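Chemist:
Number of protein chains: 2
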Amino acid sequence: MSESPTVLVVDDHRDIRDLVSRYLQEHGIRTLLAEGGVTMKRQLRDHAVDLVVLDIMMPGDDGLTLCRYLREHTELPVILLTAMSEETDRIIGLEMGADDYLTKPFNPRELLARIKAVLRRASALPPQRAPMAGRNLRFDGWTLDVDRHQLTDPEGVEVSLSTAEYRLLLAFLEHAGRVLSRDQLMDLTRGREADAFDRSIDNHVSRLRRKMDPDARHPRLIKTIWGGGYQWIADVEGAAE
Amino acid sequence: MSESPTVLVVDDHRDIRDLVSRYLQEHGIRTLLAEGGVTMKRQLRDHAVDLVVLDIMMPGDDGLTLCRYLREHTELPVILLTAMSEETDRIIGLEMGADDYLTKPFNPRELLARIKAVLRRASALPPQRAPMAGRNLRFDGWTLDVDRHQLTDPEGVEVSLSTAEYRLLLAFLEHAGRVLSRDQLMDLTRGREADAFDRSIDNHVSRLRRKMDPDARHPRLIKTIWGGGYQWIADVEGAAE
DNA sequence: GCGTGCCTGCGACATTTTGCGACAAAACCG
DNA sequence: CGGTTTTGTCGCAAAATGTCGCAGGCACGC
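Protein sequences appear in the order of chains E and G. Numbering-wise (full-length UniProt numbering), the first sequence opens with residue 1 and increments by one. Numbering-wise (full-length UniProt numbering), the second sequence opens with residue 1 and increments by one.
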């Protein structure tokens, strides 16, 4: 999904389709469009779709009918667009099992954030929590006490980590050697909603490096994979993998 | 659960679903809805649900049947909604293992309070087994005499604790190593309802730290988990876990 | 009943952690 | 080499936490 997910936008208003489509494409998401149920089904038949954005207020086959259709015939996640006041629609939509909804008028950025959040959840890394507990992890002279959230540098000095820094470090250690995208790191550290322009992972990596890996030219611990994310490059003793 | 718990509301009356859903969402709880058993099961299949609110008076698969289904197929906590006079249903419901019930007409605020209470309980902890009694707990040089509620510092000097401080300390010792949310700590120390802006736990932690763990930078006993709560990080001898 | 002292919760303010915009620096692309 | 994309990092503001002082409540002794 980090690649380029495909989203099918179903809405009878051309201007909305265009707006959404353009915005999503500008942010690395492939879009397919449909103005109603017939086109939607053809698109689904002809293309590999990762997620459907569905306006619930449409003539003909209305949105709820299509939502039910999607539920019954596919496994696709669905995000509904509902008119501001149509609480009822929203509620029915949630009953039908939509994964999220957005009320119109909506902020495209908000839509993108929801899309990414839903897709991230679908492609999350297998967690591997249990084996870590009760261990000390060692790498390049450093020691991380997993129970105490306590980090010790090669000279034995304790270095305090904030919660987010600790989680990020642990995510790296649990997946040492693997290239982790920002989305994956976001998932591993919180599962929080990622904004389109969320640079918080970069910030935390920066803060971690300042404490642990100050030579930016030749990182010994966290390597930047240009266009891909970050990678833990030091050997880790005591890790499960 | 501190995150944003998801509650599935199962009721055949749209107005009730509507009311409950809106109220809960306004207070930071995600809601999913179902008008009956079929939708309920689909929602459970498709989403991560933390708790189910179930109307017991429904046509078709009636509420008791669904409650039994939930008991047998899930570990989810259940709160029942019952009509005022249906004492029988209520009793049967509790016998079936519902975690709480509310009689209609109910106050949404009351429902929210019950939901929070049940979730707190559910997300916590092997309930305190009696074995603590009659023991002395030791950690980092300190000793807590559980029977006498008496604390002794590493030099053998007795340190007096107020009731709340003692309970808080015991809660930590009984769940050493675990991250405890403020809600959970509230439960463990009093079972009292946690207000949104209740900072009393923070205060008690602060007071405990002043007596026992004065170096805020490098706590040896109680660590703050930002956005999560507190965690006892010292080894405890004599504890059950 | 009345004062005294301790416990407790709350408001208020200080401090820390986080996330985000902005812009500089680096990497990539021809 | 210039132009574009991606990343590094700074500063700021919002959110969460730490902590102080105060006031109400309660127990106790007079």
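Think of the CB as a built atom: it goes at the ideal place given N, C-alpha and C, for glycine as much as any other residue. Here the structure is a predicted model, which is why all the values come from computation and not from measurement.
Which runs of the alpha helix (DSSP H), 4 residues or longer, sit entirely within the segment 197-226 of chain E?
Modeler: Taking only runs of at least 4 residues, the alpha helix (DSSP H) segments lying wholly in the segment 197-226 of chain E are 200-212.
Chemist: State buried or exposed for W232(E), treating a residue as buried only when at least 16 other CB atoms are found within 10 Å of its CB.
Modeler: Position 232 of the first sequence, counted from the start, is the residue given in the question as residue 232(E). Looking at its Cβ environment, which holds 16 or more other Cβ atoms inside 10 Å, W232(E) is buried.
Chemist: From the DSSP output, read off the bridge partner residues of D15(E).
Modeler: Position 15 of the first sequence, counted from the first residue, corresponds to residue 15(E). Paired residue(s): none; D15(E) is not in a bridge.
Chemist: So, is the C-beta of R129(E) closer than 8 Å to a C-beta in chain G?
Modeler: The sequence position of residue 129(E) within the first sequence is 129, counting from 1. Here R129(E) scores only 45 on pLDDT, less than 50, and its place in the model should not be relied on; the value that follows carries that caveat. Not one chain G Cβ lies under 8 Å of R129(E).
Chemist: Ends of the beta strand (DSSP E) at R30(E)?
Modeler: Taking the first residue of the first sequence as 1, we reach residue 30(E) at position 30. First-last of the beta strand (DSSP E) with R30(E): R30 to A34.
Chemist: Find the nearest neighbour of P105(G) within the set M57(G), D50(G), L44(G) and R71(G), judged by alpha-carbon distance.
Modeler: By one-based count along the second sequence, residue 105(G) stands at place 105. Closest option to P105(G), Cα to Cα, is M57(G).
Chemist: Just how far apart, CA to CA, sit G228(E) and H47(G)?
Modeler: By one-based count along the first sequence, residue 228(E) stands at place 228. By one-based count along the second sequence, residue 47(G) stands at place 47. If you take the alpha carbons of G228(E) and H47(G), they lie about 30 Å apart.
Chemist: Can you find a C-beta in chain E that's less than 8 Å from the C-beta of R217(G)?
Modeler: Here residue 217(G) corresponds to residue number 217 of the second sequence, with the count starting at 1. For R217(G), the answer is yes, since a Cβ of chain E falls inside 8 Å of its Cβ.
Chemist: Do L80(E) and L54(E) come within 8 Å of each other at the CB atom, strictly closer than that value?
Modeler: As a first step, residue 54(E) is located in the first sequence; it is residue number 54 there, counting from the start. As a first step, residue 80(E) is located in the first sequence; it is residue number 80 there, counting from the start. Yes, the Cβ-Cβ distance between L54(E) and L80(E) is below 8 Å.
Chemist: From the DSSP output, in three-state form, read off D183(G) for me.
Modeler: Locating residue 183(G) in the second sequence gives position 183, where the first residue counts as 1. If DSSP states are grouped into helix, strand and coil, D183(G) belongs with the helices.
Chemist: When the cut-off is 8 Å and only beta carbons count, does R114(E) lie next to chain G?
Modeler: To locate residue 114(E), count along the first sequence from 1; it is residue 114. Not one chain G Cβ lies under 8 Å of R114(E).
Chemist: Considering only the alpha carbon of each residue, which of L8(E), E35(E) and L180(E) lies closest to residue 249(E)?
Modeler: The requested residue 249(E) is not part of the displayed model; chain E covers only 1 to 241.
Chemist: Return helix, strand or coil for E158(G), following the three-state DSSP convention.
Modeler: In the second sequence, residue 158(G) corresponds to position 158, counting from 1. If DSSP states are grouped into helix, strand and coil, E158(G) belongs with the strands.
Chemist: Taking only the alpha-carbon atoms, compute the straight-line gap between D154(E) and G141(E) and give it to the nearest angstrom.
Modeler: Within the first sequence, numbered from 1, the residue matching residue 154(E) stands at position 154. Within the first sequence, numbered from 1, the residue matching residue 141(E) stands at position 141. Note on residue identity: the sequence assigns Pro, not Asp, to residue 154(E). The alpha-carbon atoms of P154(E) and G141(E) are separated by roughly 4 Å.
Chemist: Buried or exposed for P214(E), going by 16 or more other Cβ atoms inside 10 Å?
Modeler: Locating residue 214(E) in the first sequence gives position 214, counting from the first residue. When all chains shown are included, P214(E) counts as exposed.
Chemist: Tell me whether A98(E) is buried or exposed, calling it buried when 16 or more other Cβ atoms sit within 10 Å of its Cβ.
Modeler: Residue mapping note: residue 98(E) aligns to position 98 of the first sequence, counting from 1. That one is buried.
Chemist: What are the residues in the segment 10-42 of chain G lying within 8 Å of chain E by C-beta distance?
Modeler: Listed by position, the residues of the segment 10-42 of chain G near chain E (Cβ gap below 8 Å) are R14, R17, D18, S21, R22, T31, L32, L33, A34, E35, T39 and R42.
Chemist: Can you tell me where the alpha helix (DSSP H) with G229(E) in it begins and where it stops?
Modeler: If you number the first sequence from 1, residue 229(E) lands on position 229. Element bounds for G229(E): not the alpha helix (DSSP H) but the beta strand (DSSP E), G229 to W232.
Chemist: DSSP beta-bridge partners for D145(G)?
Modeler: Here residue 145(G) corresponds to residue number 145 of the second sequence, with the count starting at 1. For D145(G), which the question treats as bridged, DSSP gives the partners N136(G) and Q150(G).
Chemist: Could you list which residues in chain G have their beta carbon closer than 7 Å to that of G97(E), in chain order?
Modeler: Along the first sequence, one-based indexing puts residue 97(E) at 97. Ordered by position in chain G, the residues that pass the 7 Å Cβ test against G97(E) are R42, Q43 and D46.
Chemist: Helix, strand or coil, according to DSSP, for I115(G) in the structure here?
Modeler: Here residue 115(G) refers to the residue found at position 115 of the second sequence. Looking at I115(G) - three-state DSSP - the assignment turns out to be helix.
Chemist: I want to verify the contact list: residues of chain G whose CB lies under 8 Å from the CB of E155(E), in sequence order.
Modeler: The sequence position of residue 155(E) within the first sequence is 155, counting from 1. None at all; the shortest Cβ gap to chain G is about 15 Å.
Chemist: So R120(G) and Q184(G) are in contact, right, with Cβ under 8 Å, and what is the actual spacing, rounded?
Modeler: Working through the second sequence from its first residue, we reach residue 120(G) at position 120. Working through the second sequence from its first residue, we reach residue 184(G) at position 184. Indeed they touch by this definition, with Cβ atoms about 6 Å apart.
Chemist: Please list, in chain order, the chain E residues whose beta carbon lies closer than 7 Å to that of W142(G).
Modeler: As a working note, residue 142(G) is residue 142 in the second sequence. Those within 7 Å of W142(G) in chain E number zero; the least Cβ separation is about 17 Å.
Chemist: When the Cα of T6(G) is compared with those of I16(G), L112(G) and L66(G), which residue comes out closest?
Modeler: Residue numbering aside, residue 6(G) sits at position 6 when the second sequence is read from its first letter. Of the candidates I16(G), L112(G) and L66(G), the one whose C-alpha sits nearest the C-alpha of T6(G) is L112(G).
Chemist: Give every residue of the same chain whose Cβ lies closer than 7 Å to the Cβ of T52(G), excluding the five residues on either side of it in the sequence, and list them in chain order.
Modeler: Residue 52(G) sits at position 52 when you count from the first residue of the second sequence. Here the sequence assigns Val to residue 52(G), which means Thr is not the residue at that position. Around V52(G): L8, V10, L70, L76 and V78.
Chemist: In chain G, what lies closer than 8 Å to L102(E) by C-beta?
Modeler: Counting from one through the first sequence, the residue named residue 102(E) turns up at place 102. Going along chain G, no residue has its Cβ under 8 Å from L102(E), so there is no contact; the nearest lies around 14 Å.
Chemist: Which chain E residues sit within Cβ distance under 7 Å of D227(G)?
Modeler: Residue 227(G) sits at position 227 when you count from the first residue of the second sequence. Before going on, a small fix: residue 227(G) reads as Gly here, not Asp. Near G227(G) (Cβ distances below 7 Å), the residues of chain E are T163.
Chemist: Can you tell me whether L188(E) is helix, strand or coil according to DSSP?
Modeler: Taking the first residue of the first sequence as position 1, residue 188(E) is located at position 188. Residue state, collapsed to three classes: helix.
Chemist: Measuring only the C-alpha atoms, how far is N203(E) from M186(E)?
Modeler: Taking the first residue of the first sequence as position 1, residue 203(E) is located at position 203. Taking the first residue of the first sequence as position 1, residue 186(E) is located at position 186. Between N203(E) and M186(E), the C-alpha separation is close to 12 Å.
Chemist: Going along the chain, which residues of its own chain have a beta-carbon closer than 6 Å to the beta-carbon of R42(E), five neighbours each way excluded?
Modeler: Against the first sequence, residue 42(E) aligns to sequence position 42. Excluding sequence neighbours, R42(E) sits near nothing in its chain.
Chemist: Can you pull the chain G neighbours of S160(E), defined as C-beta to C-beta under 9 Å?
Modeler: Start at 1 with the first residue of the first sequence, and residue 160(E) comes out as number 160. By Cβ distance, chain G contributes R217 and H218.
Chemist: Buried or exposed for G63(E), going by 16 or more other Cβ atoms inside 10 Å?
Modeler: Counted from its first residue, the first sequence places residue 63(E) at position 63. The residue in question, G63(E), is buried, as its Cβ has 16 or more Cβ neighbours within 10 Å.
Chemist: Counting only C-beta atoms, is I222(G) closer than 8 Å to chain E at any point?
Modeler: Counting from one through the second sequence, the residue named residue 222(G) turns up at place 222. No, I222(G) lies away from the interface with chain E (no Cβ there is under 8 Å from its Cβ).
Chemist: Can you grab the Cα-Cα spacing for the pair H175(E) / Q150(E), in whole Å?
Modeler: Position 175 of the first sequence, counted from the start, is the residue given in the question as residue 175(E). Position 150 of the first sequence, counted from the start, is the residue given in the question as residue 150(E). Distance between the alpha carbons of H175(E) and Q150(E) is about 19 Å.
Chemist: For a contact defined as C-beta to C-beta under 9 Å, what are the partners of H149(E) on chain G?
Modeler: Within the first sequence, residue 149(E) is the residue found at index 149, counting from 1. Simply K223, I225, Q231 and I233.
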